[in-house]
Amino acid sequence: MNYIATFFSHYGAIGFDRDCRSKNIFCKLMPVPRSLSSSCGTCVFFKTTQDIEQFKNEDIENIYPVDENFVEDI
Amino acid sequence: MQKIYLDNAATSFPKPEAVARAVYDYIVKEGVNINRSSYSKAYDAEVKVYECRRLLCELFNGPGVKNVIFTGGITESLNVSIMGLLKKGDHVLVSSLEHNSVMRPVINRVDYDVIPCDENGDMRLDTVKSLIRPDTKAIIATHASNVCGTINPLYELGKIAKEHGLYFIVDSAQSGGVLEIDMEAMNIDVLCFAGHKGLLGPQGIGGFVINNKAADIMEPFIYGGTGSVSDSLRMPEFLPDKYEAGTLNVPGIIGLAEGVRCVLNREIQEIIRRELKATATLLEGFDDLQKEGRLKIIGHNTIDNRVGVVSVTCNDISKVSYLLDDKYDIMTRVGLHCSPLAHKSLGTFPEGTLRFSVGVYTTMLEIERCIEAMKQLLK
Chain Y
4 MNYIATFFSH YGAIGFDRDC RSKNIFCKLM PVPRSLSSSC GTCVFFKTTQ DIEQFKNEDI
64 ENIYPVDENF VEDI
Chain W
91 MQKIYLDNAA TSFPKPEAVA RAVYDYIVKE GVNINRSSYS KAYDAEVKVY ECRRLLCELF
151 NGPGVKNVIF TGGITESLNV SIMGLLKKGD HVLVSSLEHN SVMRPVINRV DYDVIPCDEN
211 GDMRLDTVKS LIRPDTKAII ATHASNVCGT INPLYELGKI AKEHGLYFIV DSAQSGGVLE
271 IDMEAMNIDV LCFAGHKGLL GPQGIGGFVI NNKAADIMEP FIYGGTGSVS DSLRMPEFLP
331 DKYEAGTLNV PGIIGLAEGV RCVLNREIQE IIRRELKATA TLLEGFDDLQ KEGRLKIIGH
391 NTIDNRVGVV SVTCNDISKV SYLLDDKYDI MTRVGLHCSP LAHKSLGTFP EGTLRFSVGV
451 YTTMLEIERC IEAMKQLLK
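Order-wise, the sequence lines are chains Y and W.
Under this note's numbering, the first residue of the first sequence carries the number 4, and numbering increases by one thereafter.
Under this note's numbering, the first residue of the second sequence carries the number 91, and numbering increases by one thereafter.
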């Protein structure tokens, strides 16, 4: 499954990106799509089959499922 | 003649080459801002800034990476902490050895009492509890004196602060990167650090590490854009953004990361061993002069309970400092060192002292040349 995580600050986005990379989870920092409202302008696109609840922490504003072609489409 | 730098208490020199290289490379090859735009170069820079926070959190055993806040320097950090945590009408305890970066915001904000010390600057711990009042809110202490090098007992002070529900704010200007600092074990609520001294980073960067208890209460000092919650006129409540309005000194942070990396690689125990070895030799040489009545060492005349900051008084300290530079290329600092309270506590006010401060790169040959120079000048 593909997801977009949004954050309260860039700090949160960078930390999440690091965590994903350390777990070999595909991820990409990118601008938040304007269709999504967010406190911070950077989000992380990531792919995982794991339970999404384990990714949530106090720095994450929201996690949205997105379709497979999300990265190619933007 | 090769110049000898013995003013590391003012700023450390030289810096590791990796620090200078990192600053240069960032300005020349990267140069972008962070926490604003969303492109890969900005993210690369943000990763480096995150890493610097992580290294500092590791060095100080801080509560969390996001609890590491960057400022323009430790003076700013102390002002932010004191002004943000304390209100008019509050009372604080300060040590006898405080620098003006503590005392000036303190006298502008709160009532205070000074914890007395003995003739070597060692804190009279037995007096602390008797100074605590119902309106006492914090204990503020430097870890090590920038005048005489004496170390304050942070473990004991932190224990007292915790027992009495007081905030514990620490100035680590002379100890960051030199002495072990464990925020958790020492019960430190706000640890202020300088980037350009023992942490071997460039000037213009410093910060503080704040625990969540203090961060819940402490007001920001600077309000402005953070690249977050941009739909609101209010400062964010979450860290680190709450205390980081405006553009950060990104090249400074990236340089600081290399400095902290050097400190961690070298290990604190090795750094203090090197510095105290040089200091011991310096003190032995000065003690010979002291026995002849030609100078007086202020504070401990051994390496017990001190860092590598050595102050002396002698005949015409200003002239001696000038001649050390002019004839022997030895750089020192003379005067009150922005610490009138410390000098009053040590009995060297208003004349001040001549200060020698070693660094991790100070060599024994430099120390021997310094002793010889002083012997020549004071005969």
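For every residue, glycine included, the Cβ atom is placed at its ideal position computed from N, Cα and C.
Since this is a predicted model, take the numbers as computed values, not measurements.
Contact residues within the stretch 135 to 148 of chain W, judged by C-beta distance below 7 Å to chain Y: So the close ones are 136, 137, 140.
Extent of the continuous beta strand (DSSP E) to which residue 33 of chain Y belongs: Position 30 of the first sequence, counted from the first residue, corresponds to residue 33 of chain Y. Here the beta strand (DSSP E) through residue 33 of chain Y covers 30 to 34.
Indicate whether residue 201 of chain W and residue 181 of chain W have their beta-carbon atoms separated by less than 8 Å. Position 111 of the second sequence holds residue 201 of chain W. Position 91 of the second sequence holds residue 181 of chain W. Contact: yes.
Taking buried to mean at least 16 other C-beta atoms within 10 Å of its own C-beta, is residue 337 of chain W buried or exposed? Position 247 of the second sequence holds residue 337 of chain W. Looking at its Cβ environment, which holds fewer than 16 other Cβ atoms inside 10 Å, residue 337 of chain W is exposed.
When DSSP labels each residue in this structure, what does residue 290 of chain W get in the three-state scheme? Taking the first residue of the second sequence as 1, we reach residue 290 of chain W at position 200. Residue 290 of chain W falls in the coil class under three-state DSSP.
So residue 42 of chain Y contacts chain W; which residues on that side make the cut at Cβ distance below 7 Å? In the first sequence, counting from the first residue as 1, residue 42 of chain Y sits at position 39. Under a criterion of Cβ atoms nearer than 7 Å, the residues of chain W adjacent to residue 42 of chain Y are, in order, 318, 319.
Verify whether the separation of the beta carbon atoms of residue 298 of chain W and residue 170 of chain W is less than 8 Å. For the purposes of this step, residue 298 of chain W is taken as the residue at position 208 of the second sequence. For the purposes of this step, residue 170 of chain W is taken as the residue at position 80 of the second sequence. Yes. Within cutoff.
Confirm, please, whether the CB-CB distance from residue 39 of chain Y to residue 66 of chain Y is below 8 Å. By one-based count along the first sequence, residue 66 of chain Y stands at place 63. By one-based count along the first sequence, residue 39 of chain Y stands at place 36. With respect to residue 39 of chain Y, residue 66 of chain Y sits apart: the two C-beta atoms are not nearer than 8 Å.
Given that a residue counts as buried once 16 or more other Cβ atoms are within 10 Å of its Cβ, and exposed if not, what is residue 295 of chain W? In the second sequence, residue 295 of chain W corresponds to position 205, counting from 1. With a threshold of 16 other beta carbon atoms within 10 Å, residue 295 of chain W meets it and is buried.
Do you know how far the Cα of residue 5 of chain Y is from the Cα of residue 320 of chain W? Numbered from 1 along the second sequence, position 230 holds the residue referred to as residue 320 of chain W. Numbered from 1 along the first sequence, position 2 holds the residue referred to as residue 5 of chain Y. The straight-line gap separating the alpha-carbon atoms of residue 320 of chain W and residue 5 of chain Y is approximately 27 Å.
Using C-beta distances below 6 Å, list every residue in its chain close to residue 229 of chain W, excluding the 5 sequence neighbours before and after it, in chain order. On the second sequence, position 139 is the one that residue 229 of chain W refers to. Excluding sequence neighbours, residue 229 of chain W sits near 183, 247, 251, 256, 258.
Do you know how far the Cα of residue 277 of chain W is from the Cα of residue 464 of chain W? Position 374 of the second sequence, counting from 1, holds the residue named residue 464 of chain W. Position 187 of the second sequence, counting from 1, holds the residue named residue 277 of chain W. Straight-line Cα distance between these residues: approximately 42 Å.
Along chain W, which residues have their Cβ under 9 Å away from the Cβ of residue 45 of chain Y? One-based indexing of the first sequence puts residue 45 of chain Y at position 42. What residue 45 of chain Y touches in chain W, judged by beta-carbon distance under 9 Å, is 125, 127, 128, 132, 133, 136, 317, going in chain order.
Of all the CB atoms in chain W, is at least one closer than 8 Å to the CB of residue 7 of chain Y? Working through the first sequence from its first residue, we reach residue 7 of chain Y at position 4. Not an interface residue.
The stretch 109 to 128 of chain W / the stretch 345 to 358 of chain W touching (three or more Cβ pairs under 8 Å): These segments touch.
Whose C-beta lies closer than 8 Å to the C-beta of residue 18 of chain Y among residues of the same chain, with five residues either side of it excluded? Residue 18 of chain Y sits at position 15 when you count from the first residue of the first sequence. Once the five neighbours on either side are set aside, the close Cβ partners of residue 18 of chain Y are 62.
Any contact of the stretch 432 to 449 of chain W with the stretch 98 to 108 of chain W, i.e. 3+ C-beta pairs under 8 Å? Three or more pairs of CB atoms, one per stretch, sit closer than 8 Å, so the stretch 432 to 449 of chain W contacts the stretch 98 to 108 of chain W.
In its own chain, which residues sit with a C-beta less than 8 Å from the C-beta of residue 12 of chain Y, not counting the 5 before and 5 after it? Reading the first sequence from its first residue, position 9 is the one you call residue 12 of chain Y. Counting only Cβ-Cβ distances below 8 Å, and skipping sequence neighbours, we find 42, 43, 62.
So, with DSSP's three-state summary, where would you put residue 308 of chain W? As a working note, residue 308 of chain W is residue 218 in the second sequence. Correct three-state label for residue 308 of chain W: coil.
Could you check what DSSP says for residue 446 of chain W in three-state terms: helix, strand or coil? Sequence index remark: in the second sequence, residue 446 of chain W carries index 356 (1-based). Residue 446 of chain W falls in the strand class under three-state DSSP.
Given a cut-off of 8 Å on the beta-carbon distance, is the pair residue 45 of chain Y and residue 128 of chain W in contact? In the first sequence, residue 45 of chain Y corresponds to position 42, counting from 1. In the second sequence, residue 128 of chain W corresponds to position 38, counting from 1. For the 8 Å CB-CB criterion, residue 45 of chain Y and residue 128 of chain W form a contact.
Which ranges does the beta strand (DSSP E) cover as unbroken runs of at least 3 residues, wholly within the stretch 393 to 436 of chain W, from first to last along the chain? If we require 3 residues or more, the beta strand (DSSP E) runs fully inside the stretch 393 to 436 of chain W come out as 399 to 404, 423 to 425.
Touching by the beta-carbon criterion (3+ pairs, under 8 Å), the stretch 361 to 372 of chain W and the stretch 134 to 148 of chain W: Not touching, per the Cβ criterion.
Inter-residue spacing [alpha-carbon to alpha-carbon] between residue 218 of chain W and residue 385 of chain W: Counting from one through the second sequence, the residue named residue 218 of chain W turns up at place 128. Counting from one through the second sequence, the residue named residue 385 of chain W turns up at place 295. Approximately 33 Å between the Cα atoms of the pair.
According to the Cβ coordinates, are residue 140 of chain W and residue 155 of chain W closer than 8 Å? Against the second sequence, residue 140 of chain W aligns to sequence position 50. Against the second sequence, residue 155 of chain W aligns to sequence position 65. Contact flag set, yes.
Measure from the C-beta of residue 34 of chain Y to each C-beta in chain W and report whether the shortest distance is under 8 Å. Translated into positions along the first sequence, residue 34 of chain Y becomes position 31. Judged by the 8 Å Cβ criterion, residue 34 of chain Y is in contact with chain W.
Checking 8 Å against the spacing of the C-beta atoms, do residue 239 of chain W and residue 400 of chain W come in under that value? Reading the second sequence from its first residue, position 149 is the one you call residue 239 of chain W. Reading the second sequence from its first residue, position 310 is the one you call residue 400 of chain W. Result yes, Cβ atoms of residue 239 of chain W and residue 400 of chain W sit closer than 8 Å.
Kindly say whether residue 458 of chain W, judged by its beta-carbon, lies nearer than 8 Å to any beta-carbon of chain Y. Indexing the second sequence from 1 puts residue 458 of chain W at position 368. For residue 458 of chain W, no CB of chain Y lies under 8 Å from its own CB, so it is not counted at the interface with that chain.
Cross-chain neighbours of residue 328 of chain W in chain Y, by beta carbon under 7 Å: One-based indexing of the second sequence puts residue 328 of chain W at position 238. Neighbours of residue 328 of chain W on chain Y, chain order: 11, 12.
Let me confirm a value: residue 195 of chain W is counted as buried when at least 16 other C-beta atoms fall within 10 Å, else exposed. Which label applies? For the purposes of this step, residue 195 of chain W is taken as the residue at position 105 of the second sequence. Classification of residue 195 of chain W: buried, given that the 10 Å Cβ count is 16 or more.
Sub-8 Å separation of residue 49 of chain Y and residue 30 of chain Y beta-carbons: To locate residue 49 of chain Y, count along the first sequence from 1; it is residue 46. To locate residue 30 of chain Y, count along the first sequence from 1; it is residue 27. Yes, these two residues count as a Cβ contact at 8 Å.
Just to confirm before moving on: does the CB-CB distance between residue 467 of chain W and residue 431 of chain W stay below 8 Å? Stepping through the second sequence from its first residue, residue 467 of chain W is reached at position 377. Stepping through the second sequence from its first residue, residue 431 of chain W is reached at position 341. Contact: no.
Could you spell out the range, first to last residue, of the beta strand (DSSP E) harbouring residue 185 of chain W? Along the second sequence, one-based indexing puts residue 185 of chain W at 95. Segment 181 to 185, the beta strand (DSSP E) holding residue 185 of chain W.
Suppose contacts are defined by Cβ-Cβ distances below 8 Å. Is residue 393 of chain W in contact with residue 94 of chain W by that definition? Position 303 of the second sequence, counted from the first residue, corresponds to residue 393 of chain W. Position 4 of the second sequence, counted from the first residue, corresponds to residue 94 of chain W. Against a cut-off of 8 Å, the Cβ pair of residue 94 of chain W and residue 393 of chain W comes out as no contact.
Give the residues of chain Y in contact with residue 340 of chain W, contact being defined as C-beta atoms less than 7 Å apart. Stepping through the second sequence from its first residue, residue 340 of chain W is reached at position 250. Residue 340 of chain W does not reach chain Y, its nearest Cβ partner there being about 12 Å away, counting only Cβ pairs nearer than 7 Å.
In chain Y, what lies closer than 8 Å to residue 331 of chain W by C-beta? Locating residue 331 of chain W in the second sequence gives position 241, where the first residue counts as 1. Taking a Cβ-Cβ cut-off of 8 Å, the neighbours of residue 331 of chain W in chain Y comprise 11, 12, 14, given in sequence order.
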